[in-house]
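Have a look at the structure below, then the notes.
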Amino acid sequence: PELTALMKHVDYSHPRTPRGYLRLYLTGFAMGAADIVPGVSGGTMAFILGIYETLINAIKSFDLTAVRLLLARRFGALFDHVSFRFLLAVGLGILTAVFTLSNLLHSALETHPLFVFAFFGGLVVASIVGIGVKIRWNAATAIALIVGTVVAFWLVGLNPLETADHSPLVLFFSGMIAIMAMILPGISGSFILLILGQYQFVLGAVKSLDLVSIGALGIGCVIGILGFSRILS
């Protein structure tokens, strides 16, 4: 409880020391590592590591005020408004994890799929425990748990698409859907990509630096997260 109370009072949005930047970078790396595995959400890692609310508010800050500051060339005020240093440190950590671990994961899924998914299962159990201890349990939260469990059970029972279209337009909408899951604690965006039949294709695109496919997915992710962050907030 003392650690949770302390984390709530730490301002992560404006890091000022090398240690603060390093912490945010490593948090982003943990989020990126979680995001590329089906079953674990980067939002879960952000929640456990104490930056979730700051992250949502920072993403939400890309609004009309940010546009006005940009057009007025008030870049200092703009960077402060959108928590640029926070997003840069976390974003670099996420990108580092995605581009360094995608090759390893792509190969592991082809050679040792059973062990990889067993490892994912362990991460899911650890995520449940990590979040469960932070919740004040009552009748309402118990009902929410039951509803969420039913939805999750239905979701994991869906069969992945065998002959999915990998055109830029489909990747764009896949990115929009997946990023909503990635930012939610408890729902894996990578698993959504797996259901949509895009997961291994995207891993391969990252591995081969297919910029067209990566760009289409990325644009969808940006648009999806800018809209959904307002709902979440």
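Counting from 1 along the sequence shown, just add 5 to a position and that's the residue number in this note's numbering. Even glycine gets a Cβ: it sits at the ideal position worked out from N, Cα and C.
Looking at residue j and residue i, is the spacing between their C-beta atoms short of 8 angstroms?
i, j, result
"residue 42", "residue 128", "yes"
"residue 176", "residue 221", "yes"
"residue 88", "residue 112", "no"
"residue 229", "residue 46", "no"
"residue 173", "residue 136", "no"
Among the residues of its own chain, which have a CB less than 6 angstroms from the CB of residue i, if the five just before and after it don't count?
i, result
"residue 233", "185"
"residue 60", "51"
Secondary structure at residue i, three-state DSSP: helix, strand or coil?
i, result
"residue 115", "helix"
"residue 140", "coil"
"residue 46", "coil"
"residue 40", "helix"
"residue 235", "helix"
"residue 164", "coil"
"residue 201", "coil"
Apart from the five residues just before and just after residue i, which ones in its own chain have a Cβ nearer than 7 angstroms to its Cβ?
i, result
"residue 62", "238"
"residue 74", "82, 83 and 86"
"residue 231", "64 and 67"
How many whole angstroms separate the CB atoms of residue i and residue j, which I take to be in contact at a CB cut-off of 8 angstroms?
i, j, result
"residue 37", "residue 98", "6 angstroms"
"residue 181", "residue 48", "With a Cβ gap of about 16 angstroms, residue 181 and residue 48 do not count as contacting."
"residue 34", "residue 102", "5 angstroms"
"residue 179", "residue 203", "5 angstroms"
"residue 23", "residue 94", "Wrong, their Cβ atoms sit about 11 angstroms apart, outside the cutoff."
"residue 183", "residue 198", "5 angstroms"
Below 8 angstroms CB to CB, which residues in the same chain sit around residue i once its five sequence neighbours on both sides are set aside?
i, result
"residue 208", "41, 107, 110, 111 and 114"
"residue 247", "In this structure the chain extends from 6 to 238, so residue 247 is not present and cannot be described."
"residue 146", "140"
* To do: Only counting runs of 4 or more residues, tell me where the alpha helix (DSSP H) segments fall wholly within the region 67–93, in order along the chain.
  => 69–76 and 80–86
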